[in-house]
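The sequence shown: position 81 = 80 (numbering that gives the first Met the number 0), numbered continuously.
Just below is one structure, and these are the notes that go with it.
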Amino acid sequence: MRRYIFSFLATMMAQPLAAEAVTGELSGMIRKEEAVLAKLSRARVDALFRRVSAGQAGSVQYTRNFLDSLPAAKGGKPLNCLSEALYFEARGETVKGQFAVAEVIMNRVESARYPDSVCGVINQGTGRKYACQFTYTCDGRKEVITEEATYVRLRKIAKLMLSDMPKDLTKGATHYHTTAVSPNWSRVFPRTTTIGVHHFYRETTRVSSN
């Protein structure tokens with residue numbers, strides 16, 4: 000709507016019309032826009048802004064310099080859960096690989112086969128040693144973040160992924176493993192891509208572990 004208003008204004012100002020007429024037309028358009036926005040629910044407005052953010056995601060660069068140029072990421076529990084998962088699962092990966100691992104987690108959140116929250120997906124199966132979905136949550140070792148600069152960058156990746164940016168790197172993958180291992184399900188699921196030291200797969204049937 001605003002784009003249309005500015006286009007209209009530029010056209011009108013280029014014609015020999017009275018300034019009062021242009022102002023009246025413009026004011027009428029703005030009032031109509033405000034009336035439409037007033038009828039939208041908060042959820043709808045938030046969704047619109049998320050789509051705008053996603054549309055800007057084409058400018059994302061998979062480099063440390065790009066991440067360092069972003070402001071510090073702030074958020075609640077989902078951001079913390081995703082950031083910690085990236086730290087313990089992918090901090091040694093390339094930046095692109097870290098985005099890819101984050102995609103897998105977000106793809107699971109959107110799948111009916113897994114919990115519908117970021118923290119729920121990450122902690123699924125936690126409490127049963129080596130029966131969890133993400134090994135660091137059930138390997139019996141305490142999670143301690145020692146590489147602060149890395150963690151700061153990973154929080155920025157998590158923030159971008161939680162803002163509904165397009166998830167095109169892994170082509171819908173819900174599983175991954177390092178190139179050093181070969182779990183049984185990797186011989187059943189179709190591999191979608193390989194990024195850094197991880198192979199990525201799209202699930203075709205339900206499995207019990209990552």
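We put the CB at the ideal spot given by N, CA and C, even for glycine.
Just so it is clear, the structure is predicted and the values come from calculations on it, not from any experiment.
Taking C-alpha positions only, S185 is separated from Q132 by approximately 15 Å. Going by DSSP, Y175 is part of the beta strand (DSSP E) stretching over H174 to T177.
A residue is called buried once 16 or more other Cβ atoms fall within 10 Å of its Cβ, and G91, having fewer, is exposed.
When DSSP states are grouped into helix, strand and coil, F199 belongs to the strand group.
For G74, the closest C-alpha among the options K170, P114, V151 and V59 is that of V151. Taking all protein chains in view, the Cβ of R107 is crowded by 16 or more other Cβ atoms within 10 Å, so the residue is classified as buried. Closest in alpha carbon position to L153, among R30, S58 and R63, is R63. With respect to T193, K170 sits apart: the two C-beta atoms are not nearer than 8 Å. Closest option to A72, judged by alpha-carbon separation, among E146, K141, K158 and H197: K158.
If you draw a straight line from the Cα of K155 to the Cα of T145, it comes to about 17 Å. Y61 sits away from T149, with the two beta carbons spaced by 8 Å or more. Judged by DSSP in its simplified three-state form, R190 adopts strand. Scanning its chain for C-beta atoms nearer than 7 Å, with the 5 sequence neighbours on each side dropped, one finds around S110 the residues T173, in chain order. Annotated as proximal: L161 and P77, with beta-carbon spacing under 8 Å. Taking a 10 Å sphere around the C-beta of E83, we find 16 or more other C-beta atoms and assign the residue as buried.
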